[in-house]
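Q: Just add 367 to the spot in the sequence shown (first one is 1) and you have this note's numbering.
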Amino acid sequence: MLYRENGQFKTSYRADQQIFPIAQDRLAIGIILAIAFIAVPMLASDYIFRAILIPFVIMALAALGVNILVGYCGQISLGSGAFMAVGAYGAYNFFVRFPGMPLIPALILGGLCATFFGILFGLPSLRVKGLYLAVATLAAQFFSDWMFLRIKWFTNNSDSGSVSVTNLQVLGMPIESATSKYLFCLAILVVVALLAKNLVRGAIGREWMAIRDMDVAAAVIGIRPMYAKLSAFAVSSFIVGMAGALWAFVHLGAWEPAAFSVEVSFRLLFMVIIGGLGSIMGGFFGAAFIVVLPIVLNQFLPAFMGLFGIEVSTAGVSHAELMIFGALIVWFLIVEPHGLAKLWSTAKQKLRLWPFPH
Numbered sequence: 368m369l370y371r372e373n374g375q376f377k378t379s380y381r382a383d384q385q386i387f388p389i390a391q392d393r394l395a396i397g398i399i400l401a402i403a404f405i406a407v408p409m410l411a412s413d414y415i416f417r418a419i420l421i422p423f424v425i426m427a428l429a430a431l432g433v434n435i436l437v438g439y440c441g442q443i444s445l446g447s448g449a450f451m452a453v454g455a456y457g458a459y460n461f462f463v464r465f466p467g468m469p470l471i472p473a474l475i476l477g478g479l480c481a482t483f484f485g486i487l488f489g490l491p492s493l494r495v496k497g498l499y500l501a502v503a504t505l506a507a508q509f510f511s512d513w514m515f516l517r518i519k520w521f522t523n524n525s526d527s528g529s530v531s532v533t534n535l536q537v538l539g540m541p542i543e544s545a546t547s548k549y550l551f552c553l554a555i556l557v558v559v560a561l562l563a564k565n566l567v568r569g570a571i572g573r574e575w576m577a578i579r580d581m582d583v584a585a586a587v588i589g590i591r592p593m594y595a596k597l598s599a600f601a602v603s604s605f606i607v608g609m610a611g612a613l614w615a616f617v618h619l620g621a622w623e624p625a626a627f628s629v630e631v632s633f634r635l636l637f638m639v640i641i642g643g644l645g646s647i648m649g650g651f652f653g654a655a656f657i658v659v660l661p662i663v664l665n666q667f668l669p670a671f672m673g674l675f676g677i678e679v680s681t682a683g684v685s686h687a688e689l690m691i692f693g694a695l696i697v698w699f700l701i702v703e704p705h706g707l708a709k710l711w712s713t714a715k716q717k718l719r720l721w722p723f724p725h
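1) State the Cα-Cα distance for the pair A452 and F605, rounded to the nearest angstrom.
2) Tell me which residues share the same chain as F600 and place their Cβ nearer than 6 Å to its Cβ, disregarding the 5 neighbours each side in the sequence.
3) For A554, which of helix, strand or coil comes out of DSSP?
4) Please confirm whether S531 and G620 have their CB atoms less than 8 Å apart.
5) Do A473 and F450 count as a contact pair if the criterion is CB distance below 8 Å?
6) Under three-state DSSP, which class holds F540?
7) Count the other C-beta atoms from every protein chain shown that fall within 10 angstroms of the C-beta of Y414, then say buried if there are 16 or more, exposed otherwise.
8) Where do the ends of the alpha helix (DSSP H) carrying T504 lie?
9) Find the nearest neighbour of F551 within the set G397, G676, I691 and L428, judged by alpha-carbon distance.
10) Taking the alpha carbon of Q508 as the point to measure from, which residue in G539, S447, V537 and A458 has its own alpha carbon closest?
11) Can you name the start and end residues of the alpha helix (DSSP H) that A654 belongs to?
12) Could you give the DSSP three-state label for P724: helix, strand or coil?
13) Give every residue of the same chain whose Cβ lies closer than 8 Å to the Cβ of L516, excluding the five residues on either side of it in the sequence, and list them in chain order.
14) Can you look up S685 in the DSSP assignment and give me helix, strand or coil?
15) Thinking L635 and V463 are a contact (beta carbons under 8 Å), I'd like their distance in whole angstroms, please.
16) Is it buried or exposed, A682, if we count other Cβ atoms within 10 angstroms and call 16 or more buried?
17) Which same chain residues end up closer than 6 Å to G457 when comparing Cβ atoms and leaving out the 5 residues on each side of it in sequence?
18) What is the DSSP secondary structure of V697, reduced to helix, strand or coil?
19) In three-state terms, what does DSSP make of V530?
20) Count the CB pairs spanning the stretch 568-581 and the stretch 390-402 that are closer than 8 Å, and state whether there are at least three.
21) Here's the rule: buried if 16 or more other CB atoms are within 10 angstroms of the residue's CB, otherwise exposed. What is G539?
22) Who are A621's beta bridge partners in DSSP?
23) If you drop the 5 nearest sequence neighbours on each side, which residues of the same chain put their C-beta closer than 7 Å to that of H618?
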């Protein structure tokens, strides 16, 4: 019989190796999924879907991919926006050049295009790391901007690089309303998050973390740095590429290369740092914070400062947003590197002390 420190016993190794081995965790995840899939579509308005929920779900997916590379493998990347762009334009070309191409296979193929692109620009990680690797991945951002603006084939001969998609369907069901778009993106997020959670718990996830902690020691004990680093780039790029395709197809509908600028890369990195490095939940917390904070500031900061007779302009709100982001990034890098996910972990530990039938 196996014993766990929270008092819950497992009678087999299979039970102990579940993705969510703690009963309270399974209950919490079940409640969250029920709220997300049932309660939210019944209560939320179109504005909430389009302005908050759909961007949050897609950005959480992208942040999850970035966290695999940065948080679990320790490879700093500033090219996430480029991987999103490759996924978006790759899916677009498969979707429009092959009549009758279903939406989901097009998204997967777009993710595979981003995978090959990520492996190509991940090759410098075999020789350099730290700031030098960040600069190398930043080159992917500038290269993708040039490629989609100058090579007209990728944009179906569009002069401006702007493209659009219409008539999205899944299994004959149209993806047009805000609710259907939200549920479609949420379903993909849940599937990918469960797969990623299982992946980081396995042998390949342990290899990534060993490379992150000390790559020389990892090589000494038999871990192949080339395989570990490139596999992290491949998995991360695939997830980020799918998120880019969803962002373009579902959220934007029509887009151009500027939609995946270097600012997107920095925002994704901020999500990972604020949410928590090396944590699947960190991507969700970081995405929620980055997406919701600007809306909250726009709605409440002018009214709050008005109570003290201070008028805040739109530019002032934007500056406040940047200052808050900067302060939090410094705090979570220096004081608490595990980000908001640390608060979630502490809350879970306290909940596990409550009496619970098992």
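Ideal Cβ positions, reconstructed from N, Cα and C, are used throughout, including at glycine.
A: On the basis of the data shown:
1) Looking up residue 452 in the sequence shown gives position 85. Looking up residue 605 in the sequence shown gives position 238. Their Cα atoms are separated by approximately 12 Å.
2) Position 233 of the sequence shown, counted from the start, is the residue given in the question as residue 600. Counting only Cβ-Cβ distances below 6 Å, and skipping sequence neighbours, we find G485, I486 and G489.
3) Residue numbering aside, residue 554 sits at position 187 when the sequence shown is read from its first letter. A554 falls in the helix class under three-state DSSP.
4) Taking the sequence shown and counting its residues from 1, one reaches residue 531 at position 164. Taking the sequence shown and counting its residues from 1, one reaches residue 620 at position 253. Taking 8 Å as the Cβ cut-off, S531 and G620 qualify as a contacting pair.
5) Taking the sequence shown and counting its residues from 1, one reaches residue 450 at position 83. Taking the sequence shown and counting its residues from 1, one reaches residue 473 at position 106. Cβ atoms of F450 and A473: not closer than 8 Å.
6) Residue 540 sits at position 173 when you count from the first residue of the sequence shown. Note on identity: in this sequence residue 540 is Met, with Phe being the wrong assignment. M540 falls in the strand class under three-state DSSP.
7) Taking the sequence shown and counting its residues from 1, one reaches residue 414 at position 47. Looking at its Cβ environment, which holds fewer than 16 other Cβ atoms inside 10 Å, Y414 is exposed.
8) Taking the first residue of the sequence shown as 1, we reach residue 504 at position 137. Unbroken alpha helix (DSSP H) run through T504: L498 to R517.
9) Position 184 of the sequence shown, counted from the first residue, corresponds to residue 551. Ranking G397, G676, I691 and L428 by Cα distance to F551 puts L428 first.
10) Start at 1 with the first residue of the sequence shown, and residue 508 comes out as number 141. Nearest C-alpha to Q508: S447.
11) Working through the sequence shown from its first residue, we reach residue 654 at position 287. Looking at the DSSP string, the run of the alpha helix (DSSP H) that includes A654 is I647 to G673.
12) What you label residue 724 is simply residue 357 of the sequence shown in a count that begins at 1. Caution applies to P724, whose pLDDT of 41 falls short of 50 and renders its modelled position unreliable; the model cannot decide the point.
13) Counted from its first residue, the sequence shown places residue 516 at position 149. Same-chain partners within the cutoff: G528 and P624.
14) For the purposes of this step, residue 685 is identified with residue 318 of the sequence shown, where counting begins at 1. Helix, per DSSP.
15) Residue mapping note: residue 635 aligns to position 268 of the sequence shown, counting from 1. Residue mapping note: residue 463 aligns to position 96 of the sequence shown, counting from 1. Contact between L635 and V463 fails: their C-beta atoms lie close to 27 Å from each other, not under 8 Å.
16) For the purposes of this step, residue 682 is taken as the residue at position 315 of the sequence shown. Exposed: under 16 other Cβ atoms inside 10 Å.
17) Here residue 457 refers to the residue found at position 90 when the sequence shown is read from its first residue. The residues are G477 and C480.
18) Working through the sequence shown from its first residue, we reach residue 697 at position 330. V697: helix per DSSP, three-state reduction.
19) Numbered from its first residue, the sequence shown carries residue 530 at position 163. Residue state, collapsed to three classes: strand.
20) no
21) Counted from its first residue, the sequence shown places residue 539 at position 172. Exposed.
22) Position 254 of the sequence shown, counted from the start, is the residue given in the question as residue 621. A621 is bridged by DSSP to S531.
23) Working through the sequence shown from its first residue, we reach residue 618 at position 251. Counting only Cβ-Cβ distances below 7 Å, and skipping sequence neighbours, we find I421, P422 and I425.
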